[in-house]
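Numbering of the sequence shown is given in this note's numbering, commencing with residue 21 and proceeding in unit increments.
Inspection log for the structure reproduced underneath, given as structure tokens.
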Amino acid sequence: RRDAVPGRLVGVRTLTFALRNSLWGGAAILATLAMDQATKAAVIAEAERLSVGVPVLPNFNLVFLRNEGVTFGLFGQIPWWALSVAAFGVSLWLLHLMLTTTKRIEAVACGMIVGGALGNIADRVRFGAVTDFLDLYMGSWHWPAFNFADVAVVCGVSLLILHPLLTNRSSVTARRAARPEDPRRRP
Numbered sequence: 021r022r023d024a025v026p027g028r029l030v031g032v033r034t035l036t037f038a039l040r041n042s043l044w045g046g047a048a049i050l051a052t053l054a055m056d057q058a059t060k061a062a063v064i065a066e067a068e069r070l071s072v073g074v075p076v077l078p079n080f081n082l083v084f085l086r087n088e089g090v091t092f093g094l095f096g097q098i099p100w101w102a103l104s105v106a107a108f109g110v111s112l113w114l115l116h117l118m119l120t121t122t123k124r125i126e127a128v129a130c131g132m133i134v135g136g137a138l139g140n141i142a143d144r145v146r147f148g149a150v151t152d153f154l155d156l157y158m159g160s161w162h163w164p165a166f167n168f169a170d171v172a173v174v175c176g177v178s179l180l181i182l183h184p185l186l187t188n189r190s191s192v193t194a195r196r197a198a199r200p201e202d203p204r205r206r207p
């Protein structure tokens, strides 16, 4: 039996889907968190050298910055603990979605977002700010520095947005191809 929410099952099959997807989502959380914390530890170990920026590729530097706000430094005036509580609340909601979805891609996407959020929460708890180190620029214009957790969050959100759009588009195309041609529409 289907629940009122598309993609969510109620009954015996729910446990099977939830367990399978929980493993994929959990793996995404752990992989994202581990990669985020490892990269930040490497950056912190080289903080003095990276504070002036180290060119890696054209238009890409490694830097060491602390961001007290959220994306683009917004809400920097809000205490770190309030941002952490808000991020934790959103993470709990996404964890619920991850545990109840029947779609593996949604579980992985939610896991990436939760892992990224937990990585940034860990920074806020330890340092009162988030460690950012990826600096993309064009000429003298620099995109605000970011970190691996931010990349995972953006990728996870993109998957959640694009997957239904792409799935819906391909299913419409498949239905059209499977439909018998209407003889009245022939030229």
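Beta carbons are placed, not taken as given, at the ideal position from N, Cα and C, and that holds for glycine.
Under 8 Å by Cβ, that's how I've got residue i and residue j pegged, so tell me the actual separation to the nearest angstrom.
{"i": "L53", "j": "L70", "result": "Contact flag wrong, Cβ pair sits at about 22 Å."}
{"i": "T121", "j": "N41", "result": "6 Å"}
{"i": "L60", "j": "D143", "result": "A small fix is needed here, since residue 60 is Lys in this sequence, not Leu. At roughly 7 Å, the Cβ-Cβ gap stays under 8 Å, so K60 and D143 are in contact."}
{"i": "C175", "j": "M118", "result": "The pair is not a contact, with the Cβ atoms about 15 Å apart (cut-off 8 Å)."}
{"i": "V63", "j": "F84", "result": "6 Å"}
{"i": "G45", "j": "C130", "result": "6 Å"}
Using only CA atoms, which one of the options lies nearest to residue i?
{"i": "D170", "options": "V63, V128, L50, F153", "result": "F153"}
{"i": "G148", "options": "R86, I64, N41, A58", "result": "R86"}
{"i": "E66", "options": "C130, V145, L182, T151", "result": "T151"}
{"i": "A137", "options": "A172, V128, T121, H162", "result": "A172"}
{"i": "A102", "options": "C175, A58, N140", "result": "N140"}
{"i": "L112", "options": "L180, G135, K123, S178", "result": "G135"}
{"i": "H183", "options": "E88, W161, V128, G159", "result": "V128"}
{"i": "V209", "options": "W163, I125, Y157", "result": "Given a span of 21 to 207 for the chain in the structure shown, any question on residue 209 remains unanswerable."}
{"i": "V76", "options": "M132, L39, Y157", "result": "Y157"}
Where does residue i sit, in a helix, a strand or coil, going by DSSP?
{"i": "T187", "result": "helix"}
{"i": "R22", "result": "Because R22 sits at a pLDDT of 48, beneath the cut-off of 50, its placement in the model cannot be relied upon, and the following sentence gives the value as read from the coordinates. DSSP places R22 in strand when its eight states are reduced to three."}
{"i": "L113", "result": "Reading off the sequence, residue 113 comes out as Trp, not Leu. Correct three-state label for W113: helix."}
{"i": "W163", "result": "coil"}
{"i": "L39", "result": "helix"}
{"i": "K60", "result": "helix"}
{"i": "T52", "result": "helix"}
{"i": "V120", "result": "Before going further, note that residue 120 is Thr rather than Val in the sequence given. In the structure shown, T120 sits in a helix (DSSP, three-state: H, G or I)."}
{"i": "D143", "result": "helix"}
Name the DSSP bridge partner or partners of residue i?
{"i": "F87", "result": "The amino acid occupying residue 87 in the given sequence is Asn; Phe does not appear at that position. Paired residue(s): V150."}
{"i": "N81", "result": "P75, D155"}
Which two residues bound the contiguous alpha helix (DSSP H) that contains residue i?
{"i": "A67", "result": "67–70"}
Does any residue of chain C bring its CB to less than 8 Å from the CB of residue i?
{"i": "A58", "result": "Note that chain C does not occur in the displayed structure, where there is just one protein chain."}
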